[in-house]
Structures are given as C-alpha cells and as structure tokens.
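For the sequence shown, this note's numbering assigns the number 93 to the initial residue and increments by one for each residue that follows. Note that beta-carbon positions come from the ideal geometry of N, C-alpha and C, so glycine has one too. This report refers to the structure that appears directly beneath it.
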Amino acid sequence: MTSASNRLYADLAHLWPLMSPPEDYADEGDCWRGELRKRLGPGRARILELGTGGGHLLHHIADGFEATAVDLSEGMLAHSRRLNPDVTHHVGDMRTVRLSETFDAVLIHDAVDYMTTEDDLRAALTTAKAHLRPGGLLLMAPDDYVETFTPPRIWHETQRKEGAELTFVEYSWDPDPSDTQIETVYVFFFEENGALRVEVDRHTTGLFPVGTWERLLIESGFEAERIDYPHSENGSEAYLWICTATT
C-alpha cells in the first residue's frame, strides 16, 4: 500500500514480480501462518491484509483461510489477483477503508511503513481495529524503527527471469532527523530484448521509536506483543507485532 504517486506502484508496477519474487516470501509466510494457526486454531478463519501489494506474502498464507486483500494501487492488485485468484480484492487506503465486515485477523506487512505521521499510523490502527472481532489479531512487520535505522542504508540486487534482467539500487537516508520520515531512492536498471531502461523512484516512509508503536497500539485498543523477527531484508533488528483487539 502506498500513494499512487510512487512509480513502483504505478507505471513501474510491472517490475514488482521481478524485483521481489513471490517465492522469496515463503519463509515469512510460514512464520505468519504459524502464528495465526497457533493463536486462532484450526478452521477457515477470516483474514484481511491491508496494503497487500502484489499479494506475495498472502500467497503463502491464504490457503485454508477466507482471505480478503486491500491496496491503494490497482496495478499491484492486478498482480495479486493473478497470484491469488481465490482471494477477495478491494482498492482502498488502509487509513480510511471500511468494508463493513469483521475478521479474525488483520495483517499489515511492511506497507505500514508508508504511515509517515502519528496521525497516519493511528488511522491505520483504527482501521485494523474496526475490522476485527473482539479478541481478533493484528499482525504487523514494520521495516524500521528509530532504534534500528542507521543511515545511509544501501542495498542492491539483480533478478533474472524469462529473458529479462532487473538490477536495482536502494538508498535510504534521513533528510530531517527531527521529523518522523525517511526517504528511499530507487534506481532501476531493466534490460529486456537487448534494450536497457534506467528509471528513478523516490519513496517517503515513516520512522518511529518502538515506544511510539506501543503507545499508539494501546491507544487504539490493542494489547501489544512483539517477537523477534528474523526476516528483515536489510539485516537490521526487526520485530513481528502480534496484537490482540480488546473489547
């Protein structure tokens, strides 16, 4: 989930399955699925993913659940619809969407990073709470916290598939340490049919202390628990939040 102004989720959305292949989410999916089964038990529980993106994480979770997915980007949802044909899909903003139904669990992967202010984050948590039955679960995995982010952070990778090659460089920095935002600049080198395209994209995401997450979760009606999460893409310390909706 993000603003349609971010090119990766708009005119460059076709690069997403090559940049971040669905198979790369298998271990994360096993982790999330295991936590859901441990806490919800057997049966076909109802789950909602906010900010599903291309549906790559949900692809490894949805089997055996009644799943619904929401994202702002129609281009990303098109990927998810192809990958997850049995999932119900909706276009919507995690801060404001209301589906007029409740679920046993709400999932928000790293799309929650696009909440750049406390008001944004509180709105997303309110949306999650509004879609949960009493005692339902909220699972989240933000990428960064004030305590774990050390700029500049640089990452690069090359992926190849069916005659196409994508190399991307990801540069994250903090233009203003006094606010709650950081910026990531992507440079994409896309080679196909002997032609090379170079594209640039900029994303602004949120950066909050762990304590802010805990406070806003409690204020939004959750009992907050976090466990160590060994699936950080950049190797920094990460957590999986597993939160219970209070009555």
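What residue does the beta strand (DSSP E) around P109 start on, and which one ends it?
Unbroken run through P109 is the alpha helix (DSSP H), W108 to M111; no beta strand (DSSP E).
Which first and last residues belong to the alpha helix (DSSP H) in which V302 is found?
Note, V302: alpha helix (DSSP H), V302 to E311.
Looking at the strands, I want to know which residues DSSP matches up with F280.
Bridge partners of F280: F260 and E291.
Suppose the cutoff is 6 Å on Cβ atoms and the five residues either side in sequence are ignored; what does the same chain contact list for D292 look like?
First, the residue type needs correcting, since residue 292 is Val and not Asp in the sequence shown. So the qualifying residues of the chain are V279.
Following the continuous alpha helix (DSSP H) through D185, name the residue where it begins and the one where it ends.
Note, D185: premise wrong, no alpha helix (DSSP H); not H, not E.
Using alpha carbons as the reference points, say which of S172, S165, H248 and T160 lies closest to A220.
The option with the nearest alpha carbon to A220 is T160.
Can you tell me whether DSSP reads D155 as helix, strand or coil?
Coil, per DSSP.
Quick one: grab the DSSP three-state call for H223.
H223 falls in the coil class under three-state DSSP.
Give the straight-line distance between the Cα atoms of V238 and E311, rounded to the nearest whole angstrom.
If you take the alpha carbons of V238 and E311, they lie about 20 Å apart.
Under three-state DSSP, which class holds L104?
Three-state result, L104: coil.
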